[in-house]
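Q:
2 protein chains.
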Amino acid sequence: MALNESKTSADRFQQMLDKLKSLDFRITPQRLAVLRILAASEDHPSAEQIFEKVRIEFPTTSLATIYKTIVLLKGLNEVLELGFPDGCNRYDGNRPFPHPHVICTGCGKIMDAELKSLDGLKEEIHKKTGFRIQHHRLDFFGLCQECQETM
Amino acid sequence: MALNESKTSADRFQQMLDKLKSLDFRITPQRLAVLRILAASEDHPSAEQIFEKVRIEFPTTSLATIYKTIVLLKGLNEVLELGFPDGCNRYDGNRPFPHPHVICTGCGKIMDAELKSLDGLKEEIHKKTGFRIQHHRLDFFGLCQECQETM
DNA sequence: TCTTTATGGATAATAGTTATCTTTTAGTAA
DNA sequence: TTACTAAAAGATAACTATTATCCATAAAGA
Numbered sequence: 001m002a003l004n005e006s007k008t009s010a011d012r013f014q015q016m017l018d019k020l021k022s023l024d025f026r027i028t029p030q031r032l033a034v035l036r037i038l039a040a041s042e043d044h045p046s047a048e049q050i051f052e053k054v055r056i057e058f059p060t061t062s063l064a065t066i067y068k069t070i071v072l073l074k075g076l077n078e079v080l081e082l083g084f085p086d087g088c089n090r091y092d093g094n095r096p097f098p099h100p101h102v103i104c105t106g107c108g109k110i111m112d113a114e115l116k117s118l119d120g121l122k123e124e125i126h127k128k129t130g131f132r133i134q135h136h137r138l139d140f141f142g143l144c145q146e147c148q149e150t151m
Numbered sequence: 001m002a003l004n005e006s007k008t009s010a011d012r013f014q015q016m017l018d019k020l021k022s023l024d025f026r027i028t029p030q031r032l033a034v035l036r037i038l039a040a041s042e043d044h045p046s047a048e049q050i051f052e053k054v055r056i057e058f059p060t061t062s063l064a065t066i067y068k069t070i071v072l073l074k075g076l077n078e079v080l081e082l083g084f085p086d087g088c089n090r091y092d093g094n095r096p097f098p099h100p101h102v103i104c105t106g107c108g109k110i111m112d113a114e115l116k117s118l119d120g121l122k123e124e125i126h127k128k129t130g131f132r133i134q135h136h137r138l139d140f141f142g143l144c145q146e147c148q149e150t151m
């Protein structure tokens with residue numbers, strides 16, 4: 001399997017769990033729930049959406065706990081944060097590395113995308129600006145096929 | 001001159017002013033000040049930074065006026081908003097169309113960049129996802145040359 | 001079972017932006 | 001120049017996702 005290829009939900013869950021264990025973070029039911037949801041989600045959930053899902057199993061969970069877990073996972077590079085200026089950040093626990101996204105301006109859907117030539121762009125930017133590039137963010141905004149038909 | 005090539009500050013100012021006039025928006029001293037600052041800035045100022053500059057000339061100006069002017073210009077596609085999730089949005093009045101940026105993670109500097117192959121990427125994304133792409137956002141994060149030397 | 005201390009829960013605080021409301025003024029016509 | 005009117009300015013309250021704070025709880029190891 002290629003490095004960047006998607007793994008099964010169970011694989012990602014185990015991977016994140018192993019990371020937490022290896023660094024001696026405590027394994028709590030709330031953290032396990034967040035891990036499971038992140039590993040299983042293909043739709044880039046928001047903190048609020050994760051919160052609602054966790055609450056089904058653990059109704060006393062606080063939103064602060066969701067945020068604290070996300071901050072932890074971000075620091076361990078186990079979740080990718082897609083920050084948006086309107087204050088609705090979204091999270092990707094399956095591919096926790098920079099990659100292009102396609103965002104529907106009609107329904108808000110966010111999909112992963114792949115582009116071969118991105119490494120070339122990074123090199124081009126480095127040569128032009130002298131910057132030592134660390135990471136990037138690439139979003140395409142437009143109408144998905146469904147929204148094209150209804151608009 | 002190529003379409004996307006940068007124009008002089010005076011050209012951009014006149015262009016924005018003409019747009020406002022042609023649509024019968026009122027030409028106020030505050031708006032003129034914001035236009036001048038946006039047209040002259042190469043460093044992608046924040047609303048607060050624009051506010052401070054306007055206040056030198058018009059000390060009674062309100063921050064709300066800055067935001068209202070920015071919203072107006074955004075709607076007329078005369079300024080590009082670079083929204084960031086930490087709530088420090090930046091504005092580009094010189095190239096009010098999507099284009100790549102290089103952002104220094106050391107000093108926060110934001111520079112424009114150019115990439116030939118972006119249109120190709122848009123086409124590639126369209127073919128893969130079926131999305132009708134409207135606009136995009138591409139940021140590269142890394143260390144600028146100065147920050148590389150001091151870190 | 002006991003102890004320690006990281007973590008959870010509840011909620012206050014933060015900050016950029018937007019909304020609201022009143023006052024002022026740009027643009028126009030007499 | 002003056003008067004009129006609607007748009008814009010100014011002041012400030014409201015909004016909201018996220019972060020910080022603080023105390024209670026429970027995970028992990030002995």
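Going down the list, the protein sequences come from chains Y and C.
First residue of the first sequence? That's 1 in our numbering, and the numbers climb one at a time after it.
First residue of the second sequence? That's 1 in our numbering, and the numbers climb one at a time after it.
Glycine included, each C-beta is placed from N, C-alpha and C at the ideal position.
Tell me the DSSP secondary structure of S62 of chain Y in three-state form.
A: Position 62 of the first sequence holds residue 62 of chain Y. S62 of chain Y: coil per DSSP, three-state reduction.
Q: Measuring straight from C-alpha to C-alpha, what distance separates S22 of chain C and A33 of chain C?
A: As a working note, residue 22 of chain C is residue 22 in the second sequence. As a working note, residue 33 of chain C is residue 33 in the second sequence. Put simply, the backbone Cα of S22 of chain C is about 19 Å away from that of A33 of chain C.
Q: Report yes if the C-beta distance between H135 of chain Y and F141 of chain C is below 8 Å; otherwise report no.
A: Position 135 of the first sequence, counting from 1, holds the residue named residue 135 of chain Y. Position 141 of the second sequence, counting from 1, holds the residue named residue 141 of chain C. For H135 of chain Y and F141 of chain C, yes; Cβs fall inside 8 Å.
Q: Closest to L80 of chain Y by C-alpha separation, out of Y:G130, Y:M151, Y:P29, Y:P45, would be which residue?
A: Reading the first sequence from its first residue, position 80 is the one you call residue 80 of chain Y. It is Y:P45.
Q: Run the proximity test for L72 of chain Y: is its beta-carbon closer than 7 Å to any non-hydrogen atom belonging to the ligand ATP?
A: This structure does not include the ligand ATP; it has no bound ligands of any sort.
Q: Using beta-carbon positions only, say whether P100 of chain C and L115 of chain C come within less than 8 Å of one another.
A: Locating residue 100 of chain C in the second sequence gives position 100, where the first residue counts as 1. Locating residue 115 of chain C in the second sequence gives position 115, where the first residue counts as 1. For P100 of chain C and L115 of chain C, yes; Cβs fall inside 8 Å.
Q: Based on the DSSP output, what are the partners of F141 of chain Y in its beta bridges?
A: Residue 141 of chain Y sits at position 141 when you count from the first residue of the first sequence. Looking at the DSSP output, F141 of chain Y sits in a beta bridge with Y:I103, C:H135.
Q: Return the Cβ separation of I66 of chain C and I50 of chain C in integer angstroms, given the expectation that the two are a contact with Cβ distance under 8 Å.
A: Within the second sequence, the letter at position 66 stands for residue 66 of chain C. Within the second sequence, the letter at position 50 stands for residue 50 of chain C. Contact flag correct, Cβ pair sits at about 5 Å.
Q: Entirely within the region 2–38 of chain C and at least 4 residues each: give me those alpha helix (DSSP H) ranges in chain order.
A: At a cut-off of 4 residues, the continuous stretches assigned as alpha helix (DSSP H) that sit fully inside the region 2–38 of chain C are 9–22.
Q: Verify whether the separation of the beta carbon atoms of F131 of chain Y and L118 of chain C is less than 8 Å.
A: The residue given as residue 131 of chain Y occupies position 131 in the first sequence. The residue given as residue 118 of chain C occupies position 118 in the second sequence. For F131 of chain Y and L118 of chain C, no; Cβs fall outside 8 Å.
Q: Helix, strand or coil for R95 of chain Y per DSSP?
A: Here the question's residue 95 of chain Y lines up with position 95 in the first sequence. Note: R95 of chain Y maps to coil in three-state DSSP.
Q: Give a yes or no on whether 8 Å exceeds the smallest Cβ distance from E124 of chain C to chain Y.
A: Taking the first residue of the second sequence as 1, we reach residue 124 of chain C at position 124. Interface residue, yes.
Q: Which same chain residues end up closer than 7 Å to D112 of chain C when comparing Cβ atoms and leaving out the 5 residues on each side of it in sequence?
A: What you label residue 112 of chain C is simply residue 112 of the second sequence in a count that begins at 1. So the list reads R95, H99, H101, once near-sequence residues are dropped.
Q: Tell me which residues share the same chain as R55 of chain C and place their Cβ nearer than 7 Å to its Cβ, disregarding the 5 neighbours each side in the sequence.
A: Looking up residue 55 of chain C in the second sequence gives position 55. If we look at R55 of chain C and ignore the five residues flanking it on each side, its Cβ neighbours are T61.
Q: Below 9 Å on C-beta distance, what does S117 of chain C contact in chain Y?
A: The sequence position of residue 117 of chain C within the second sequence is 117, counting from 1. The contacting residues are S117, G120, L121, E124.
Q: Step through the CB atoms of chain C and report whether any lies within less than 8 Å of the CB of F97 of chain Y.
A: To locate residue 97 of chain Y, count along the first sequence from 1; it is residue 97. Judged by the 8 Å Cβ criterion, F97 of chain Y is not in contact with chain C.
Q: So, does the CB of R31 of chain Y fall closer than 8 Å to a CB anywhere in chain C?
A: The residue given as residue 31 of chain Y occupies position 31 in the first sequence. For R31 of chain Y, the answer is no, since every Cβ of chain C falls outside 8 Å of its Cβ.
Q: Compare the C-alpha of I103 of chain C against each of C:E123, C:N77, C:L76, C:R137 and name the closest.
A: For this step, residue 103 of chain C is matched to residue 103 along the second sequence. Of C:E123, C:N77, C:L76, C:R137, the residue nearest in Cα terms is C:R137.
Q: So with Cβ pairs under 8 Å, would you call C144 of chain Y a contact of chain C?
A: For this step, residue 144 of chain Y is matched to residue 144 along the first sequence. With 8 Å as the cut-off, C144 of chain Y counts as an interface residue toward chain C.
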